[in-house]
Amino acid sequence: ARSSFHSQETMTTPPEAAKLASEANACFVDEDYETALDLYNQAIQIAPQAADLYVSRAAVHLKNDDFTSAIADTNKAVTLDPNNSKAYLRKGVACFNMEEYATAKAAFEKGKELDPNNAQFKTWIRKCNAELEDEMVGEDTAAAAPPPAAAAPAPAPAPVPVPPPKKPVSRFRHDFIQNQTHVTVTVYIKGANKENCVVTFDEQAMSLEWTLSSADSWQIAFDPLFDAIVPEESGVTFFNTKVEIKLKKKNQQKWDALEADASTKALDELTEEEIKQRRDYYPSSKAQGGAAKNWDKIVGELPEEKPEGEEALNSFFQQIYGRGNEEVRRAMNKSFQESGGTVLSTNWGEVGTKTVEGTPPQGLEMKKWSDLAK
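The letter at position 150 of the sequence shown is residue 378 when you use the working numbering, and the numbering goes up by one with no holes.
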C-alpha cells in the first residue's frame, strides 16, 4: 500500500483527473497524441488549477508542432505555479521552434534559475546564443551592402517551369543504451521489417535504410561509431513501432556517444564556435537566406528527461495501474477515493469488502474535500 498526504495549502489533483492524466501519459508513450490530447483536455476540465496538467498537455502540442498552443499552456502553468521549471523548459522549446530566440532564451534562463542542475537549460541557452549571433551577423551584412545600381530594363525571359521544392525529410528519432559488452540502438519507425529495411554493420560504422517504395527511402547512418564493434556478432530485431539494433562492443569500455566526432565531447566543454561548427543541416524555410537547421538533430542532442522524487513514484504507480488487471485497478481506485488520497492498495481481497479509512501521518489531520471548500 502507498500512503500520501496533502496540507490545506497544497491541493492534490482529484482522483478523476489523475486517472485521466495517467491514461493520457500512457497514450503519449505509445505516440497516440490525438487520444492523449483529448484525455488531458478532460483532466483539465476537472482540475483547471493543476499546473502540471497544462505542462503535460504542452508536451503533446510540441509533438504535434502546435507551438502556439504549447506556449499558451506553459504560460497558464507558470501563472498557476511560478516555480514550475518544466513549464519554462517547454515554453522555451516552443519559442525556439518559432524562431523567437530572444523569448526562448529568457524562458530557459528563468527555468535554469529554478532548476540549476538540469543540463538541458544550459544546452538550449547556448543554442539560442548561437542563433541570436547568426541573426546579428545577417543584419550587419545587409546594412553594409551597397544599394544595387540602376540598370536598363531587359526583355523578360520566357517563363521556365520550376519544379516544386523537395520536402525535407527529418532523421528518425533514436536513442541508445549500453552495458559492458553491447550497445543497443532503438530507431523509432513504424512498419519496418526484414523485407523493406536493411541494416549494415562494419567494424567502425552502422547504417539503416528503410525502403518505403521504389521512389522513396529513408536512411540513417553512424560513421564512424564511437568505438569498434564486432559485425558478425551484432544483430537487429524488428517491432511494430521500432527497430532495435544490438552492437557487440569490440572493446569493453563506456561509449559517451554513438559517433566518434565532436558530439562525444561534453557540452559544458564546448565553446560557442564549436557548437556552431557541429550543427547538422537540412532544408527548411528559415527567413533572410540564413542557413537552415536540422531540428531533429537539435532535439536528439538533449538528454532524455527522467522522472525523479515524487514524479518517479507517481510514474511507478501509473505503470502498476496501466499493467494491472481489473481487480488491481478497482482496488487502487476504491482505496484512493475512500481514504482521501492517503492509501493506495492493489489488493481487492483486502479492500473490496470494507470501507478504507484514511491514515494521515502523525501530526496531521484528515479533512474532506467538502470541508476544505467551506
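Using N, Cα and C, we set each Cβ at its ideal position, and we do this for glycine too. Quantities reported herein were computed from a predicted structural model and do not represent experimental measurements.
- The C-alpha of VAL571 is placed about 9 Å away from the C-alpha of PRO588.
- Taking a 10 Å sphere around the C-beta of PHE324, we find 16 or more other C-beta atoms and assign the residue as buried.
- Cβ atoms of ALA298 and TYR268 stay farther apart than 8 Å, at about 12 Å.
- DSSP, reduced to helix, strand and coil, places ILE272 within a helical segment of the structure shown.
- Taking the Cα positions, VAL321 is about 21 Å away from ASP260.
- Scanning the region 302 to 370 for uninterrupted beta strand (DSSP E) segments of 3 residues or longer gives nothing; none is fully contained.
- Below 8 Å, too few C-beta pairs join the region 400 to 408 and the region 420 to 433 to call them touching: fewer than three.
- Taking 8 Å as the cut-off, the Cβ atoms of VAL288 and LEU265 count as close.
- Around the beta carbon of GLN277, fewer than 16 other beta carbons lie within 10 angstroms, which makes this residue exposed.
- Sequence-distant Cβ neighbours of LEU290 in its own chain, meaning closer than 7 Å and more than five residues away, are ALA298, ARG318, VAL321 and ALA322.
- Only buried fits GLY569, as 16 or more other CB atoms lie within 10 angstroms of its CB.
- Here the C-alpha atom of THR428 lies approximately 9 Å from the C-alpha atom of ALA449.
- Assignment of beta-bridge partners to VAL464 by DSSP yields ILE473.
- Here the C-alpha atom of PRO242 lies approximately 10 Å from the C-alpha atom of PHE564.
- Between the beta-carbon of LYS314 and that of VAL283 there is about 5 Å, and that keeps the pair under the 8 Å contact cut.
- Look at THR428 here: in three-state DSSP terms it is strand.
- Partner residues in the beta bridge of HIS410, as assigned by DSSP, are LYS476.
- Each residue's CA atom was taken as its position, placing GLN432 and LYS477 some 11 Å apart.
- Contact annotation: ARG558 and TYR549 have beta-carbon atoms that are not nearer than 8 Å.
- Around the Cβ of GLN348, a 10 Å sphere holds 16 or more other Cβ atoms; the residue is buried.
- ALA271 places its beta carbon less than 8 Å from that of ALA252.
- LYS355 and SER435 have their alpha carbons spaced roughly 28 Å apart.
- Here the C-alpha atom of GLU363 lies approximately 15 Å from the C-alpha atom of ILE353.
- Straight across, the Cα-Cα distance linking GLU461 with LEU475 is about 8 Å.
- Contact annotation, ASN312 with ALA279: C-beta distance approximately 5 Å; criterion of less than 8 Å satisfied.
- If the five residues before and after PHE336 are omitted, its C-beta is found closer than 8 Å to the C-beta atoms of TYR316, LEU317, GLY320, PHE349, TRP352, ILE353 and CYS356, all from its own chain and listed in chain order.
- Secondary structure at THR439: strand, using DSSP grouped into helix, strand and coil.
- For the 8 Å CB-CB criterion, LEU486 and VAL413 form a contact.
- Of the candidates ARG401, VAL579, GLU437 and GLU359, GLU359 places its Cα closest to the Cα of THR331.
- In the three-state scheme derived from DSSP, where H, G and I count as helix and E and B as strand, PHE454 is classed as coil.
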